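Here is the structure we will look at.
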Amino acid sequence: MAHILIVDDSPTDVRVFTTLLEKAGHRVSSAGNAEEGIAAVKRERPDLVIMDVIMPGMNGFQATRTLSRDDATAHIPILIITTKSMETDRVWGLRQGAKDFLTKPVGEKELLARIQNLLPS
1 MAHILIVDDS
11 PTDVRVFTTL
21 LEKAGHRVSS
31 AGNAEEGIAA
41 VKRERPDLVI
51 MDVIMPGMNG
61 FQATRTLSRD
71 DATAHIPILI
81 ITTKSMETDR
91 VWGLRQGAKD
101 FLTKPVGEKE
111 LLARIQNLLP
121 S
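With full-length UniProt numbering applied, the sequence shown corresponds to residues 1 to 121, in that order.
If you want it as structure tokens, here you go:
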């Protein structure tokens, strides 16, 4: 299936998403903060990035903007998954270049459906 990079500072969330995605047949890698995530995207060229927002240092909105404005990584879809649940957060995330936005906690079926919609066919 696809290679998905998870950028999230919560080991628990990374473990939950990794288990779910691997069970669905995806290859998963992760980065614990936005700076590591940007470097990993440039190095690994995943098929999709799952991006948290609230992280120490650079936040997920900033990382999404950086990746979506770089010609080398702009084609890689970013799915923001965060605890930030305000409509303004969703709109801001999409403005930064994310292709979709979900609020934690995320159900398995919903997550897999959103990922399938974002992956190139």
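Glycine included, each C-beta is placed from N, C-alpha and C at the ideal position. These figures come from a predicted structure and were not determined experimentally.
Between which two residues does the beta strand (DSSP E) containing Ala24 stretch? That residue, Ala24, is in no beta strand (DSSP E); it is neither H nor E in DSSP.
DSSP puts Phe101 in a beta bridge; with which residues? DSSP lists Ile80 as partners of Phe101.
Measure the alpha-carbon distance for Gly37 versus Ser10 and round it to whole angstroms. In this structure, the CA atom of Gly37 is about 13 Å from the CA atom of Ser10.
Between the C-alpha atoms of Arg43 and Ile4, what's the straight-line distance to the nearest angstrom? Using only the alpha carbons, I get a separation of about 13 Å.
Rounded to a whole number of angstroms, what is the C-alpha to C-alpha distance between Met55 and Val16? Rounded to whole angstroms, Met55 to Val16 spans 18 Å at the Cα level.
Classify His26 as buried or exposed, calling it buried when 16 or more other Cβ atoms lie within 10 Å of its own Cβ. Under the 10 Å beta carbon count, His26 is surrounded by 16 or more other beta carbons and is classified as buried.
Rounded to whole angstroms, how far is the Cβ of Leu79 from the Cβ of Ala63, which I believe are closer than 8 Å? A Cβ-Cβ separation of about 13 Å leaves Leu79 out of contact with Ala63 under the 8 Å criterion.
Who are the near neighbours of Asp89 in its chain, counting only those whose CB is closer than 8 Å to its CB and skipping five residues on each side? By the criterion of a C-beta distance shorter than 8 Å, Asp89 is surrounded in its chain by Val53, Thr82, Phe101, once the five residues flanking it on both sides are discounted.
My understanding is that Ile76 touches Leu48, with C-beta atoms under 8 Å, so please give their C-beta distance in whole angstroms. Contact between Ile76 and Leu48 holds, since their C-beta atoms are separated by about 7 Å, short of 8 Å.
Where Met86 and Ala34 are concerned, what is the direct C-alpha to C-alpha distance, given to the nearest angstrom? Computed Cα separation, rounded: 21 Å.
Evaluate Arg65 with the Cβ neighbour count: other Cβ atoms within 10 Å of its Cβ, from every protein chain shown; 16 or more gives buried, anything less gives exposed. Per the 10 Å Cβ criterion, buried.
So, using beta-carbon positions, are Thr19 and Ile6 closer together than 8 Å? Going by C-beta atoms, Thr19 is not nearer than 8 Å to Ile6.
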